[in-house]
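Below is one structure, written out as structure tokens; comments come after it.
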Amino acid sequence: MQAIRLFVLFSFITSLAIAAIVVEYVPFLLEIGFSLSEVALLGLGYSILIAFIEVPSGIFADIYGCKRAVQLSQTIYCCGICFYGLASSRYYVFIAVPVTALSFALQSGARQAWMVSQLSIDTHPTIVRRAFADSALASQCGAILAPMLASAVKTQWSLNCFFLSGILSAVALGVTVFWSNDTPKHRERRGWKTVFHEGSKVALRYPLLRWLGWLSLVFSLLSVITNLWSPVLRESSWDLDGYWVWFAMQLGLMIGSVAYRLLPSDQAPLAMVITLAIVGLSLMQAVRTPDTIWVGLLMVMQMARAFFQIARDHLVQITAPKEVRVTAASWISLTSQVGTMLVLGGMSIAMMQCVNSYDAMSVTWMPAGFVLCVSSVFFYLRYRSRRSLW
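Residue numbers for the sequence shown follow this note's numbering, so the first one is 1388 and each next one is one higher.
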């Protein structure tokens, strides 16, 4: 279908834009004067900003349309990423963080909701599930190609990777011109307060959505790997290239996407619980494992991350009523942001006494893995007792 093809193409280009800066982002912050603890605090501030605007942005999408929300998001991102490109001091970063946070919050859940809104009620559930998985696969293909593209462009034209990201975002914005409108012309306009209350009721009343919210809160512990894997590689004696590790991590994401594409939808909640245990065991083992096995564990964690995120987005979009679909999704996403804030805040405190990234990994990954393993047991018991209501 045309809507699915446009959705997948948009996912590919936006992934190219974002991943073009990922490998260089943390080293860039370290070069302009941020410490590892400050990088974690910067990520914490970023999550706090997104948390504050997550629900209002979902309400905006439900009232004014997902297409308009995504277009506004891409425009803001193009502006925000240019501040990183101009950064010669820390002050530019402090400007860029809130701008890009607003961009990501506006797009959270809106593009998936747009795609679902374009499908007829007769669309087979398998097609919908595969559309979510195909979008994720396109994103991962873009993430694999992005570092190579950024390196080639930097060598050939000396173009900053942040400006390249802005150009690609502008191209993605152009793709949305071909999207169909998702808001009927004669639909009654609802107020912000009404949509807020309706969306919060849905997120709290539906047992499956409540369960997904708590699951997202705990799964956010995986964010302990976000700011550490690249510095650990640079400081270690392991003969591993950062780009190859990035490729391996994206390959893990692709495997997780393919796994969800093949899995029956009714098994998704149970499989999400299993991912908690897989990630927890991988985190605990990664602290003690050197070299190539360490990269394999990163692949496993990324595989679980992809599976979990696709399953969560899919289940939320097909469960929530279409009138408040994005608002309900934003409440679920908010729990993930709250979890990330707690994790990054704890990491910034724990890493104050660490002399290098490897020490920081040792004191953060082990407890996070243990909590994930224990939590998987409780979520499984809850799944067994409540699945008949879903």
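Idealized CB from N, CA, C, for every residue including glycine.
The structure displayed is predicted, hence computed values, not measured ones.
- The beta carbons of Ala1448 and Ala1518 sit no closer together than 9 Å.
- With fewer than 16 neighbouring CB atoms inside 10 Å of its own CB, Thr1581 falls in the exposed class.
- For Gly1732, the CB contacts under 6 Å within the same chain, skipping 5 residues up- and downstream, are Leu1431 in chain order.
- Assignment of Arg1577 by DSSP, reduced to helix, strand and coil, places it in the coil class.
- For Leu1684, the closest C-alpha among the options Leu1668, Val1713, Gln1696 and Ile1697 is that of Leu1668.
- When DSSP states are grouped into helix, strand and coil, Gly1529 belongs to the helix group.
- Ala1407 and Ser1556 have their C-alpha atoms some 11 Å from each other.
- Here Ala1693 is not near Ser1744, since their CB atoms are 9 Å or more apart.
- Out of Ser1522, Leu1489, Leu1493 and Ala1492, the CA that lies nearest to the CA of Met1502 is found in Ser1522.
- When secondary structure is reduced to three states using DSSP, Cys1741 falls in the coil class, being assigned neither helix nor strand.
- In the DSSP assignment, Trp1566 falls outside any alpha helix (DSSP H) and carries neither an H nor an E.
- The beta carbon of Leu1640 is closer than 6 Å to those of Gln1527, Gln1689 and Ala1693 in its chain, skipping five residues each way along the sequence.
- A straight-line Cα-Cα distance of about 21 Å links Gln1654 and Ala1590.
- By the C-beta criterion, the region 1766-1775 is judged not to be in contact with the region 1456-1475, since fewer than 3 inter-stretch pairs fall below 8 Å.
- Under the 10 Å beta carbon count, Lys1588 is surrounded by fewer than 16 other beta carbons and is classified as exposed.
- Cα atoms of Leu1423 and Met1535: separation of roughly 26 Å, rounded to the nearest angstrom.
- Each of Gln1704, Phe1549 and Ala1427 was checked against the Cα of Pro1512, and the nearest Cα belongs to Gln1704.
- Taking C-beta atoms under 8 Å as the contact rule, Val1426 and Ser1607 fail to qualify, at a distance of about 18 Å.
- Within the model, the alpha-carbon separation for Ser1749 versus Phe1695 is close to 25 Å.
- Of Val1619, Val1486 and Leu1649, the smallest CA-CA separation from Leu1524 is found for Leu1649.
- Take Gln1499, set aside five residues on each side of it, and the residues of its chain with a beta-carbon closer than 6 Å to its own are Asp1700 and Gln1704, in chain order.
- Per DSSP, reduced to three states, the secondary structure at Val1674 is coil, with no helix or strand assignment.
- For Lys1709, there is no enclosing alpha helix (DSSP H), as DSSP marks it with neither H nor E.
- Of the candidates Val1764, Ala1664, Trp1598 and Ala1483, Trp1598 places its Cα closest to the Cα of Ile1719.
- Residues Val1562 of the same chain have their beta carbon placed closer than 7 Å to that of Leu1396, with the five preceding and five following residues left out of the count.
- Cβ-Cβ distances below 7 Å link Ile1437 to Ala1488, Phe1491, Ala1492 and Gln1724 in the same chain, with the five nearest sequence neighbours on each side left out; the list follows chain order.
- Here DSSP, grouped into helix, strand and coil, assigns Tyr1593 to coil.
- Leu1702 sits away from Leu1551, with the two beta carbons spaced by 9 Å or more.
- Distances from the alpha-carbon of Gly1472 to those of Leu1416, Val1660, Ser1460 and Tyr1433 put Leu1416 closest.
- The alpha-carbon of Val1457 is positioned some 5 Å away from that of Gln1494.
- Taking Val1611 as reference, the option from Gln1637, Ala1673 and Ser1567 with the minimal CA-CA separation is Ala1673.
- When the five nearest sequence neighbours on each side are left out, the beta carbons in the same chain lying within less than 7 Å of the beta carbon of Tyr1593 are those of Thr1706, in order along the chain.
- The DSSP-derived three-state label of Phe1766 is helix.
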